[in-house]
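In the order they appear, the protein sequences are chains A and B.
Everything in the first sequence is counted per UniProt numbering, starting at 1 for the first residue and increasing by one.
Everything in the second sequence is counted per UniProt numbering, starting at 1 for the first residue and increasing by one.
We put the CB at the ideal spot given by N, CA and C, even for glycine.
These numbers come from a predicted model, not from an experiment.
2 protein chains.
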Amino acid sequence: MSDSRVSSVIQEWVSSYPGQPHSQSLNPVSSNQAAPSGQMSQMDMIIYNQSQGIIRGGADDRVAEQMMGLPYLSYNTSCLNNSNSGSANHHQSHDFSPFLLPTVRAPVTKRSISKDSAEYRMRRERNNIAVRKSRDKARRRILLTQQRALQLQEENQKLQMKIGQLTQELDTLKHILSQRHLQGAEEGAAHESSI
Amino acid sequence: MSDSRVSSVIQEWVSSYPGQPHSQSLNPVSSNQAAPSGQMSQMDMIIYNQSQGIIRGGADDRVAEQMMGLPYLSYNTSCLNNSNSGSANHHQSHDFSPFLLPTVRAPVTKRSISKDSAEYRMRRERNNIAVRKSRDKARRRILLTQQRALQLQEENQKLQMKIGQLTQELDTLKHILSQRHLQGAEEGAAHESSI
DNA sequence: GTGAATTGCGCAATTA
DNA sequence: GTAATTGCGCAATTCA
Chain A
1 MSDSRVSSVI
11 QEWVSSYPGQ
21 PHSQSLNPVS
31 SNQAAPSGQM
41 SQMDMIIYNQ
51 SQGIIRGGAD
61 DRVAEQMMGL
71 PYLSYNTSCL
81 NNSNSGSANH
91 HQSHDFSPFL
101 LPTVRAPVTK
111 RSISKDSAEY
121 RMRRERNNIA
131 VRKSRDKARR
141 RILLTQQRAL
151 QLQEENQKLQ
161 MKIGQLTQEL
171 DTLKHILSQR
181 HLQGAEEGAA
191 HESSI
Chain B
1 MSDSRVSSVI
11 QEWVSSYPGQ
21 PHSQSLNPVS
31 SNQAAPSGQM
41 SQMDMIIYNQ
51 SQGIIRGGAD
61 DRVAEQMMGL
71 PYLSYNTSCL
81 NNSNSGSANH
91 HQSHDFSPFL
101 LPTVRAPVTK
111 RSISKDSAEY
121 RMRRERNNIA
131 VRKSRDKARR
141 RILLTQQRAL
151 QLQEENQKLQ
161 MKIGQLTQEL
171 DTLKHILSQR
181 HLQGAEEGAA
191 HESSI
């Protein structure tokens, strides 16, 4: 009855969690850097087309501070305002390429992806579609979890009510049985006295 | 025992939903337009500084298509690739300003907020902080809901087990009682026959 | 009217 | 190599 209704929702809810939550959802301390793209919107073309590399701001600070609570208070304007001048790519601060084995490629000639190329736009568009799809999926999953929690709460109340009824019925029967037991003992005594 | 543990989590969960979910969380069909800011990142300075107005892409299409399922399939490249040329601000496509009453202001001189102004950066920074705070809150709320659902599920299993035990105990007592009843009837018959 | 909060979106980096 | 996830900033909207 109500089990079938609940179980259907639970089935849907379980199916929305195919496997492990990727261990990143619970531990968001992956190598988080999140370049301030908005800040770079005025000069990203220059950066990307000239240096052909990815320049990030102070990322380690954010990672360290996201470990603590209230991470939204940790972003100071210093990090954002200085994103233009300092914080050069520290992967290139020391050029060891003449001493490295040829298996290690130089990070400069990485891909040379122009933001004007059709390939870039194609990749971006595909990623945008994937992002929308993923977020839609996440929204549905959250809604299912909420509905599941509510239904489990209702079912809990019903089960506790049923436990109360069963307990009361059990007490009644136990009382009756104890009365019968006393009555039986008296009758037994009467029998023995009558012999 | 286990009730206190569960109720604490539920308390936390309930407190994370202070009031109505603003009726927008459940019905996300508000006047959604979401200008493709990322697409305009290469020329937003020009647009914003020249026309001093906000130019949006085809927003009504998205609203209409988000009503249906799979909204992530509805964004075609046509809307995005033509964001530069077409889709001018259709509020200005016909200039009726000479015939309008002075109560209707022209949308051109709306606020003239330059992206280079310190006030703009201050507003952006404050909003960024608010966004991080809000998303952190949402993440915590989702986690609490998941934990709550799991704890309710565990509690449900325990309650169902208890119901099984009580039912079995009840059946046993009923059976005993019925036996006593038969025994009492036989004894009563024996009494009458012995008289 | 104003500032905070919420929301949808695109971008970039990372992951699977 | 591609699709999926995730954090972030931006802009529009809503809330208080």
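If you draw a straight line from the C-alpha of ARG141/B to the C-alpha of ARG148/A, how long is it?
15 Å
Less than 8 Å between the C-beta atoms of LEU170/A and LEU166/B, yes or no?
yes
Which of the three DSSP states, helix, strand or coil, is assigned to ILE142/A?
helix
Can you pull the chain A residues whose beta carbon is under 7 Å from the beta carbon of ALA149/B, in chain order?
THR145, ARG148, ALA149, LEU152
Cα-Cα separation, ARG135/A to LEU143/A:
12 Å
Helix, strand or coil for SER117/B, going by three-state DSSP, please let me know.
coil
With LYS162/A and ILE163/B assumed to form a contact (beta carbons below 8 Å), what rounded beta-carbon distance in angstroms separates them?
6 Å
At the 8 Å Cβ level, is ASN127/A part of the contact set with chain B, yes or no?
no
For GLU169/B and chain A, any beta-carbon pair shorter than 8 Å?
yes
Could you round the C-beta distance between LEU159/A and LEU152/B to whole angstroms and report it? I think they count as a contact, below 8 Å.
That belief does not hold up - the Cβ atoms of LEU159/A and LEU152/B are roughly 11 Å apart, past 8 Å.
Which residues in chain B have a C-beta closer than 8 Å to the C-beta of SER173/A? List them in chain order.
Here residue 173/A is Leu; the residue named in the question, Ser, does not match the sequence. Under the 8 Å cutoff, chain B gives LEU170, LEU173, LYS174, LEU177.
Mapping the DSSP letters down to three states, classify LEU170/A as helix, strand or coil.
helix
How is LEU80/B classed by DSSP in three states: helix, strand or coil?
Any reading at LEU80/B must be qualified, since the residue scores a pLDDT of 34, below 50, and its modelled position is unreliable; the value itself is stated next. Here LEU80/B sits in helix by DSSP.
Using a Cβ-Cβ cutoff of less than 8 Å, which residues in the same chain neighbour ALA189/B once the five nearest sequence positions on both sides are dropped?
none
Within a Cβ cutoff of 7 Å, which residues of the same chain sit near ILE113/B, ignoring the five residues on either side of it in sequence?
TYR120
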